[in-house]
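Chemist: Chains as they are written, first to last, in our numbering: chain A, 1 to 602; chain B, 603 to 779.
(1) Using a Cβ-Cβ distance under 8 angstroms, would residue 202/A count as near chain B?
(2) Does residue 746/B have its Cβ less than 8 angstroms from a Cβ in chain A?
(3) For residue 139/A, which of helix, strand or coil comes out of DSSP?
(4) Starting from the Cα of residue 327/A, find the closest Cα among 456/A, 563/A, 577/A and give me that residue.
(5) With a threshold of 8 angstroms between beta-carbons, can residue 779/B be considered close to chain A, or not?
(6) Does the Cβ of residue 220/A have 16 or more other Cβ atoms within 10 Å, making it buried, or fewer, making it exposed?
(7) To the nearest angstrom, how far is it from the Cα of residue 11/A to the Cα of residue 147/A?
(8) Nearest chain B C-beta to residue 534/A closer than 8 angstroms, yes or no?
(9) What are the uninterrupted segments assigned as beta strand (DSSP E) that are 3 or more residues long and contained completely in the region 287-362 of chain A, given in chain order?
(10) Give every residue of the same chain whose Cβ lies closer than 8 angstroms to the Cβ of residue 9/A, excluding the five residues on either side of it in the sequence, and list them in chain order.
(11) Does the beta carbon of residue 762/B sit closer than 8 angstroms to a beta carbon anywhere in chain A?
(12) Just the Cα atoms here: how many angstroms apart are residue 772/B and residue 383/A?
(13) Using a Cβ-Cβ distance under 8 angstroms, would residue 772/B count as near chain A?
(14) Report all residues from its chain with a CB closer than 6 angstroms to the CB of residue 131/A; omit the five preceding and five following residues, and keep chain order.
(15) How would you label residue 16/A, buried or exposed, when you count the other beta carbons within 10 angstroms and need 16 or more for buried?
(16) Any beta-carbon of chain D closer than 8 angstroms to the one on residue 87/A?
(17) Can you check whether the C-beta of residue 238/A is within less than 8 angstroms of a C-beta belonging to chain B?
(18) I want to verify the contact list: residues of chain B whose CB lies under 7 angstroms from the CB of residue 187/A, in sequence order.
(19) Within this structure, are the beta carbons of residue 286/A and residue 228/A separated by less than 8 angstroms?
(20) Please report the residue range of the beta strand (DSSP E) in which residue 475/A lies.
(21) Do residue 273/A and residue 569/A have their CB atoms nearer than 8 angstroms?
(22) Among the residues of its own chain, which have a CB less than 7 angstroms from the CB of residue 506/A, if the five just before and after it don't count?
(23) From residue 661/B to residue 556/A, what does the alpha carbon distance come to, in whole angstroms?
(24) Would you list the residues sitting across from residue 524/A in a DSSP beta bridge?
(25) Touch check for the region 163-173 of chain A and the region 119-130 of chain A: three-plus C-beta pairs under 8 angstroms?
(26) Please list, in chain order, all residues of the same chain as residue 682/B whose beta carbon is under 6 angstroms from its beta carbon, the five residues on each side excluded.
(27) Between residue 558/A and residue 551/A, what straight-line distance do the alpha-carbon atoms span, to the nearest angstrom?
(28) Quick one: Cα of residue 642/B to Cα of residue 746/B, how far?
(29) Residues of the region 166-200 of chain A in Cβ contact with chain B at a cutoff of 7 angstroms, in chain order, please.
(30) Hey, residue 195/A and residue 586/A: beta-carbon distance below 8 angstroms or not?
(31) For residue 679/B, which option in 688/B, 653/B, 657/B, 691/B has the closest C-alpha, if you only look at C-alpha atoms?
(32) So, with DSSP's three-state summary, where would you put residue 765/B?
(33) Taking the alpha carbon of residue 443/A as the point to measure from, which residue in 414/A, 437/A, 339/A, 99/A has its own alpha carbon closest?
(34) Taking the alpha helix (DSSP H) that residue 95/A falls in, what are its first and last residues?
(35) Give a yes or no on whether the C-beta atoms belonging to residue 466/A and residue 277/A are separated by under 8 angstroms.
(36) Assuming residue 358/A contacts residue 536/A under a Cβ cut-off of 8 angstroms, what Cβ separation, rounded to an integer in Å, is found between them?
Printed below as a string of structure tokens:
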């Protein structure tokens with residue numbers, strides 16, 4: 001044994017006067033590290049109750065529970081995650097996946113308690129002393145489990161699309177659609193907002209799986225206008241999408257379109273399946289638009305004999321005669337209509353109720369009648385000069401364009417209105433101007449300022465790209481006519497406010513800010529109304545009305561027991577709302593005319 | 603590190619290289635070259651320390667990836683050797699004769715991924731999962747949630763709501779399913 005071995009233990013003495021590295025009171029004074037994954041915190045102002053935390057939890061530790069004082073809305077289920085810490089393994093997947101960033105973790109981990117049920121609580125609702133802890137695990141910036149950027153939709157360039165009425169949107173390819181579908185967390189918050197309550201997460205899952213036939217079946221369970229809605233739906237679902245909180249909402253509308261494009265058209269009918277056997281009951285439907293044709297589809301599939309009366313030569317209603325072909329090709333509408341007709345629906349085109357056939361006759365011949373006539377007549381501004389022949393209604397012009405009539409495009413024109421119809425006519429006329437004159441001169445004036453236009457933001461953006469001159473906050477005052485009686489332009493004043501203090505429509509103007517917009521044609525696109533002359537005097541008197549619209553109950557039934565009404569003519573313009581209304585009246589009629597069957601299926 | 607790669611390439615068949623940092627490089631190598639490469643790197647190039655041995659389940663490709671991370675204390679550099687093996691017959695030559703500590707990693711991989719290392723000491727003994735009867739839990743086809751539900755009792759009184767169904771009850775209960 002060497003001397004070194006004997007002395008070396010004494011070297012430890014040199015530590016005698018150093019500060020200890022150990023903790024004096026390890027049971028009480030031992031905070032978690034700054035990014036420790038301790039008890040959860042949940043920011044009630046940010047949580048939307050999407051349940052993605054529950055879905056990802058690998059321990060089944062999270063329940064979504066209703067909480068008193070937190071009301072559900074269209075963008076918040078009102079549910080909140082309740083965590084069972086007997087199962088939680090503190091992995092923080094729930095924090096990483098949280099769609100709003102509301103769920104985080106404190107660095108608190110010590111809690112002694114004899115009641116095991118205390119370890120089941122709802123963070124953010126059941127107050128804890130760590131609720132305001134600054135430290136703890138938060139999802140690091142830039143680290144996200146779901147993709148935040150929407151797949152870019154291929155579209156025609158403005159210079160190219162202005163030359164024709166070719167469809168602008170090209171549609172996703174399979175790879176793009178899968179990537180987009182992969183971003184969806186399938187929370188289903190969107191379903192309540194969709195007027196037709198389409199099973200959005202289910203059909204997006206079908207895209208993910210590449211099972212397009214299943215996807216199509218799901219679409220047509222709730223929406224016989226799926227090809228059309230896949231193109232022109234107002235997609236309110238996307239305004240409540242959980243993904244929008246920290247990125248782009250899922251392109252729900254484009255994924256719907258993608259499914260309809262992936263399934264060969266000759267497969268549709270077989271996938272949707274045959275209607276039920278005939279019931280012997282019959283229903284007449286007036287108007288082959290979205291509401292009428294949806295009701296026709298539902299009723300025919302239940303086995304009722306459906307006859308549709310359409311005043312114009314084609315089915316589709318406003319989707320055909322109002323929406324320009326660059327947004328919705330006619331052949332797409334035709335396929336959709338043929339599909340509905342293939343369920344055994346009889347249709348009479350060019351047949352106007354009121355003149356060709358009376359309402360009384362329909363009442364006698366059918367078990368039920370649906371009025372789905374839409375909003376066909378353009379409203380007028382009634383400003384001086386608006387009765388001039390050069391002043392047109394947008395819906396009339398759009399209908400004439402659809403019918404293939406030649407329209408002499410004026411060299412310059414003004415559109416009055418800031419909604420989608422105004423954009424539709426401005427962009428359609430710009431195309432005609434381009435074709436006939438080689439240049440575009442369309443000015444669009446609207447009462448609203450640009451941030452409050454009723455038109456979709458996409459429509460405004462695309463109109464501007466195509467060379468439409470948009471002037472916001474301009475109130476039309478007079479259509480200018482020269483000594484020879486020619487229309488020369490539109491006079492507008494600057495809008496100061498649109499509504500009065502009670503919220504009534506009462507625009508006020510700055511008369512000193514006056515502009516004359518030179519134009520050979522002025523188009524009014526300020527709203528539509530129904531042409532209810534077909535009802536006839538006697539029926540009009542018998543029916544109950546509500547501020548110019550036919551009064552209906554929640555099922556779409558009018559005050560006449562045999563007559564239902566649905567769609568734009570009672571609920572205002574929107575394709576998917578009309579589809580939903582079509583379902584509603586079909587269900588209501590089925591229950592009335594076929595009560596036993598309806599009961600056994602309930 | 604790049605020079606080392608070029609130098610090794612003259613003696614061994616190597617796969618792709620991925621440079622993570624100037625002091626951290628991964629090289630994919632054929633399994634038959636692994637042991638001789640490790641021996642050479644340990645004894646000639648100064649990579650004397652086995653930092654860790656771990657695996658990745660590339661279930662889509664039906665492969666396991668083994669990563670042998672070794673460290674050169676002198677130059678403070680880390681080198682990861684990646685070996686791709688078949689997932690169905692998951693078995694690999696043991697390196698416990700190069701580093702005795704490898705036996706522990708290999709025992710862990712046997713238990714968690716089901717990758718066998720024949721001849722490795724105590725390779726068939728339970729490591730941390732005593733009495734485990736399911737498929738190895740780090741395999742990606744192991745359903746953690748299902749296991750958790752089957753294995754652990756649910757506290758009484760728990761109930762959950764689906765957000766979409768809950769909103770349906772509130773906003774449009776009249777519609778049939």
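Glycine included, every Cβ here is placed at the ideal spot set by N, Cα and C.
Modeler: In this structure, then:
(1) no
(2) Answer yes: the Cβ-Cβ gap between residue 746/B and chain A drops below 8 angstroms somewhere.
(3) Coil.
(4) With distances taken between Cα atoms, residue 327/A lies closest to 456/A.
(5) Note on residue 779/B: pLDDT 41, under 50, position unreliable in the model; the coordinate value appears next. For residue 779/B, the answer is no, since every Cβ of chain A falls outside 8 angstroms of its Cβ.
(6) With 16 or more other Cβ atoms within 10 Å, it is buried.
(7) Taken atom to atom, the span from the alpha-carbon of residue 11/A to that of residue 147/A is near 59 angstroms.
(8) no
(9) Look at the region 287-362 of chain A and you find these whole runs of beta strand (DSSP E), each 3 residues long or longer: 305-309, 346-348.
(10) Nothing meets the Cβ criterion.
(11) Chain A contact via Cβ: present.
(12) 46 angstroms
(13) yes
(14) 41
(15) exposed
(16) Looking at the structure shown, chain D is missing, and the protein chains on hand are A and B.
(17) For residue 238/A, not one C-beta of chain B is nearer than 8 angstroms to its own C-beta.
(18) 765
(19) no
(20) 474-481
(21) no
(22) Take residue 506/A, set aside five residues on each side of it, and the residues of its chain with a beta-carbon closer than 7 angstroms to its own are 499, 500, in chain order.
(23) Whole-angstrom Cα-Cα distance: 54 angstroms.
(24) 393/A, 416/A
(25) no
(26) 628, 669, 671
(27) CA-CA distance, residue 558/A to residue 551/A, rounds to 6 angstroms.
(28) Between residue 642/B and residue 746/B, the C-alpha separation is close to 41 angstroms.
(29) Listed by position, the residues of the region 166-200 of chain A near chain B (Cβ gap below 7 angstroms) are 187, 188, 189, 191, 192, 197.
(30) no
(31) 653/B
(32) helix
(33) A check of alpha carbon separations from residue 443/A across 414/A, 437/A, 339/A, 99/A identifies 414/A as the nearest.
(34) 93-97
(35) no
(36) 6 angstroms
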